[in-house]
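A.B. asks:
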Amino acid sequence: MRERLSRTDAIIIRRGVLGEADRLLTILTPAGKRRVVARGARKLTSRIAGHIELFSHVHLLLAEGRSLDIVTQSSIIDGFARLRGDLASIGGAYYIAELVDRLSEIDVDDPALFRVVLDALGALDQGAAVGPTLRWYELHALERLGYRPELHHCVRCGALLDERACRLDPAAGGMCCPSCAAHAAGGLTLSLACFKLLRYLQLQPIDQALTPRITAATGSEAERAMHLILQQLLSRDLASRAFLAEASRGPAGQPVSDTR
Ligand SMILES: [Zn+2]
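The sequence shown begins at 401 in our numbering and counts up by one.
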């Protein structure tokens, strides 16, 4: 029987071990998330091993296997080598990969989601500030996955929001108008600067989104707001958050400025 082969672009979003020498890879492709096997990838002599690093953008040739497809060839399109030289950017890239792995389903075709992940990794590789890049990524990935945070109309009554809106209602998935905010238990009061930042990031492509200079306080507030929204969707916290928090601290324990 002839081997059935297919080719795909992919981002490696998770790597696990399988058996003695193989790797089980979770990849994001324009046609969705998939699990594939890289045989012998843990052997020192493996030709594939160097081409399947975590969060690399690769081109794969896959052979149809009995349950999972097998990687038969791999070449690197972009290994994002520059971001790997900076601990905070590495933390950001782990977070990008882990979040899309946790929230996406197997085989759900979504070339735009693939693009969002690629854009975020590319921005980190270009030296973009980690905080705003991740906030842009969270907003755009959630939109592609069907969980778009509502920042323009009241999430409770649908009224158009203006600058008086300051209450985030994470359980409802967005911001409330001032009259609904009076009835929203829990939630988080956002500064106008944070509210504007999130609205701006949600509407802009990445190349426009990373230019505004924001204060470290607004950056932390935006992180907290997005974390509350994500907690509604994730049954447990992402492991990469702890790494990211650690990596974002400077050598003397000082938080690294978001305007790097
Ligand atoms: Zn309302």
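Each residue gets a CB set at the ideal place from its N, CA and C atoms; glycine is no exception.
Would you identify the three-state DSSP class for Q526, choosing helix, strand or coil?
C.D. replies: It is coil, neither helix nor strand.
A.B. asks: On the DSSP letters alone, give me the boundaries of the alpha helix (DSSP H) that Q608 sits inside.
C.D. replies: Looking at the DSSP string, the run of the alpha helix (DSSP H) that includes Q608 is 606-609.
A.B. asks: Mind checking whether C576 and F595 have CB atoms under 8 angstroms apart?
C.D. replies: Not closer than 8 angstroms, so no.
A.B. asks: Quick one: does the C-beta of R564 sit closer than 7 angstroms to a heavy atom of ligand 1?
C.D. replies: Result no, Cβ not under 7 angstroms from ligand 1.
A.B. asks: Of the residues A581, L539, R548, which one's Cα is nearest the Cα of A559?
C.D. replies: The shortest Cα separation from A559 among A581, L539, R548 belongs to A581.
A.B. asks: If the criterion is Cβ atoms closer than 8 angstroms, does the pair D422 and R439 meet it?
C.D. replies: Going by C-beta atoms, D422 is nearer than 8 angstroms to R439.
A.B. asks: Starting from S406, follow its DSSP beta bridges and name the residues at the other end.
C.D. replies: L462, per the DSSP bridge assignment.
A.B. asks: Among P578, A528, T429, V517, which residue has its Cα nearest to the Cα of V555?
C.D. replies: For V555, the nearest C-alpha among the options comes from P578.
A.B. asks: When you measure from the CB of A463 to every non-hydrogen atom of ligand 1, does any distance come out below 7 angstroms?
C.D. replies: Flag unset: Cβ of A463 not near ligand 1.
A.B. asks: Going by alpha carbons, who is nearest to T533 out of A645, V436, D562, D519?
C.D. replies: With distances taken between Cα atoms, T533 lies closest to D519.
A.B. asks: Compare the C-alpha of T618 against each of A645, S635, L590 and name the closest.
C.D. replies: Nearest of A645, S635, L590 to T618, Cα basis: L590.
A.B. asks: Are K433 and I496 close, meaning C-beta to C-beta below 8 angstroms?
C.D. replies: The answer is no: Cβ separation not under 8 angstroms.
A.B. asks: Just to check, is the beta-carbon of A572 closer than 7 angstroms to a non-hydrogen atom of ligand 1?
C.D. replies: The answer is no for A572.
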